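Trainee: First, the structure itself, so that you have it in front of you.
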Amino acid sequence: MNVDNVKSQMRKGMLEYCIMLLLHKEPAYASDIILKLKEAQLIVVEGTLYPLLTRLKNDELLSYEWIESTQGPPRKYYKLTEKGEIFLGELESSWKELNETVNHIANR
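Sequential numbering from 333 applies to the sequence shown in this note's numbering.
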C-alpha cells in the first residue's frame, strides 16, 4: 500500500469541508480559495476546485455573486447559502465525532 494514495484520499475527503469553512468566514473568489487552501498546505488545482464549487452550487449549498474587479472582468464570489450553513454544521459535528474516535483509539 502506498501512503501517498492514502493521504490523497484523506485530503479529497476533507476538501469540501475546508472549502465550506473558508466560505463560512467570508465570500471568496476561486483563486482566493485556492490560495487559502495552499497556505494551509492543502494543494488544490482549478481543475479540482471548479467542479466541486459547481456541484456545491447545484446542491444549493453555495451561491455566487458577480463583483466588478479593478483588474479585468468581473469575478464570481462564492458564499454559503442558508442550506449550506446547516450542512456545514452537520459536517462539523461529523468531524468532531470522527476526531474524537481517532483520538480515543490513538490514546488507548
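Just so it is clear, CB atoms sit at the ideal spot from N, CA and C, and this is done for glycine as well.
Small disclaimer: the values here were computed from a predicted structure and weren't measured.
(1) Taking the beta strand (DSSP E) that Glu397 falls in, what are its first and last residues?
(2) What residues are listed by DSSP as bridge partners for Arg407?
(3) Comparing alpha-carbon positions, which option in Ile418, Arg343 and Ser401 lies nearest Val377?
(4) Compare the beta carbon distance of Lys411 and Ser426 with 8 Å and say whether it is the shorter of the two.
(5) Taking a contact to mean a Cβ-Cβ separation below 8 Å, would you say Met352 touches Leu420 in this structure?
(6) Could you give the residue range of the alpha helix (DSSP H) that holds Arg440?
(7) In chain order, which alpha helix (DSSP H) runs of at least 4 residues are fully inside the stretch 337-382?
(8) Who are the Cβ neighbours of Leu374 in its own chain at under 8 Å, not counting the five residues just before and after it?
(9) Please report whether the beta-carbon of Arg343 lies at a distance below 8 Å from any beta-carbon of chain D.
Mentor: Well, looking at it:
(1) Looking up residue 397 in the sequence shown gives position 65. It spans Leu394 to Ile399 - the beta strand (DSSP E) in which Glu397 sits, taken as one unbroken run.
(2) Translated into the one-based positions of the sequence shown, residue 407 becomes position 75. According to DSSP, Arg407 bridges with Ile399.
(3) Here residue 377 is taken as the residue at index 45 of the sequence shown, counted from 1. Residue Arg343 is the option with its Cα nearest to Val377.
(4) Stepping through the sequence shown from its first residue, residue 411 is reached at position 79. Stepping through the sequence shown from its first residue, residue 426 is reached at position 94. In this structure, Ser426 does not lie closer than 8 Å to Lys411 by Cβ.
(5) The residue labelled residue 352 in the question sits at position 20 within the sequence shown. The residue labelled residue 420 in the question sits at position 88 within the sequence shown. In contact: Met352 and Leu420 (Cβ atoms closer than 8 Å).
(6) Here residue 440 is taken as the residue at index 108 of the sequence shown, counted from 1. Where Arg440 is concerned, there is no enclosing alpha helix (DSSP H), given that its DSSP letter is neither H nor E.
(7) 362-371
(8) The residue labelled residue 374 in the question sits at position 42 within the sequence shown. Around Leu374: Arg343, Met346, Leu347 and Cys350.
(9) Here there is only one protein chain, and chain D is not present.
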